[in-house]
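Numbering (this note's numbering), first residue to last: 16 to 100.
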């Protein structure tokens, strides 16, 4: 599946879902699990999902380090693009 535009093997996306669920982020974990169960190739993430994934990936398994870096980068781009009030 693609998360934040990055291909993530099923095993790692399920590892991420387990980490999220263990941290109490059930809705985001369910989003990943549902995408896996239904064979979805693309997973739409909310800004909150990205934030929770970054927290979950703080001490991530090696295979998820690239995803952490991409989510971190895109989170920075979204913040910079937000209109100033």
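The C-beta atom is built at its ideal place from N, Cα and C for all residues, glycine as well.
Minimum C-alpha distance to residue i - residue among the options
| i | options | result |
| --- | --- | --- |
| residue 22 | 57, 62, 68, 64 | 57 |
| residue 35 | 52, 66, 87, 53 | 66 |
| residue 16 | 60, 88, 39, 73 | 60 |
| residue 38 | 81, 68, 79 | 68 |
Any C-beta of chain E under 7 Å from that of residue i
| i | result |
| --- | --- |
| residue 19 | Here chain E cannot be found, since the structure has a single protein chain. |
Local conformation of residue i per DSSP, three classes
| i | result |
| --- | --- |
| residue 23 | coil |
Unbroken alpha helix (DSSP H) run spanning residue i, endpoints
| i | result |
| --- | --- |
| residue 65 | 62 to 71 |
Beta-carbon separation (whole angstroms), residue i vs residue j, contact threshold 8 Å
| i | j | result |
| --- | --- | --- |
| residue 32 | residue 47 | 4 Å |
| residue 25 | residue 41 | That pair is no contact at about 20 Å. |
Exposed unless 16 or more other CB atoms sit within 10 angstroms - verdict on residue i
| i | result |
| --- | --- |
| residue 100 | Legend: pLDDT at residue 100 = 49, less than 50; position of this residue unreliable, value from coordinates given subsequently. The residue in question, residue 100, is exposed, as its Cβ has fewer than 16 Cβ neighbours within 10 Å. |
| residue 64 | buried |
| residue 108 | With the chain covering 16 to 100 only, the question about residue 108 has no answer from this structure. |
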